[in-house]
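Below is one structure, written out as structure tokens; comments come after it.
Here it is in structure tokens:
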């Protein structure tokens, strides 16, 4: 049962446990878990690799990257002693920005820059009242989805708190896509295409890929 918006009882108990260990108030931990809705950057790429399979890479170029290195760890989520998926996590943060479900799919998140002055405010309103954050959706999908196709569908259609780019890769030919999201739906799905001269590798920064030339602040793509 949701306590408010996308925060259910299980999530609240996680926040409460973190708060107890760190000697913090629960609301302070919850605010720290509002990280994506306030600021995030990152770049993701998915590509066919010389006929040998699919590669999926990403970076995490936060402003506090050096500090975050000290709280980064690889998490293994299990159920009844069996690994369900792996994720790169940050201590104190319960959402997932990068996950891999062996033999099924991998997913990474990139921030999609707000297009209005009130973008961050609307993210907060959505978080409180209506939906779950992109990072918690990624965690839920990693736990429950059984295939690349199912995960891709959930990433495209589930209500979320903030605009985002989801990059997903699978294990079969052409199983790769970058999903550009608004809060309610997918604006664009850019598919991997092994026979294309351009789309055999697709890369997402923090701006819509169809904008050309690259925005002045889109340093990764502009360079």
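Numbering (the working numbering), first residue to last: 39 to 261.
The C-beta atom is built at its ideal place from N, Cα and C for all residues, glycine as well.
In this text the structure is predicted, and so the values were computed from the model without any measurement.
Mapping the DSSP letters down to three states, classify residue i as helix, strand or coil.
i, result
"residue 229", "strand"
"residue 141", "coil"
"residue 43", "Unreliable positioning characterises residue 43 in this predicted model, as indicated by a pLDDT of 46, which lies under 50. A coordinate reading is not provided."
"residue 200", "coil"
"residue 105", "helix"
Which residue marks the beginning of the alpha helix (DSSP H) containing residue i, and which one marks its end?
i, result
"residue 96", "Where residue 96 is concerned, there is no enclosing alpha helix (DSSP H), although the beta strand (DSSP E) it sits in stretches over 92-97."
"residue 55", "47-60"
"residue 182", "172-182"
Find out if the Cβ-Cβ distance for the pair residue i, residue j is shorter than 8 Å.
i, j, result
"residue 127", "residue 111", "yes"
"residue 56", "residue 207", "no"
"residue 220", "residue 201", "yes"
"residue 140", "residue 49", "no"
"residue 197", "residue 222", "yes"
"residue 218", "residue 150", "yes"
"residue 177", "residue 134", "yes"
"residue 85", "residue 238", "yes"
"residue 81", "residue 243", "yes"
Counting only C-beta atoms, is residue i closer than 8 Å to chain D at any point?
i, result
"residue 213", "Although the question refers to chain D, the structure presented lacks it and comprises just one protein chain."
Could you please give me the residues that DSSP links to residue i through a beta bridge?
i, result
"residue 191", "For residue 191, which the question treats as bridged, DSSP gives no partner whatsoever."
"residue 212", "The partner list for residue 212 (beta bridge, DSSP) is empty, contrary to what the question assumes."
"residue 67", "Answer is none; residue 67 lacks a bridge partner."
"residue 127", "111"
"residue 206", "145 and 215"
"residue 116", "121"
Could you please give the first and the last residue of the uninterrupted beta strand (DSSP E) stretch that includes residue i?
i, result
"residue 87", "Segment: none, residue 87 is in no beta strand (DSSP E) and carries neither H nor E."
"residue 241", "239-242"
Skipping 5 residues on each side, what residues in its chain have a beta carbon closer than 6 Å to that of residue i?
i, result
"residue 53", "64, 67 and 68"
"residue 155", "Interpretation of residue 155 is limited by its pLDDT of 49, a score under 50 that renders its predicted location unreliable; the figure taken from the coordinates is listed afterwards. Hits under 6 Å: none found."
"residue 95", "83"
"residue 241", "83"
"residue 90", "none"
"residue 61", "none"
Less than 8 Å between C-beta atoms, sequence neighbours within five positions excluded: which residues of the same chain meet that for residue i?
i, result
"residue 70", "130 and 131"
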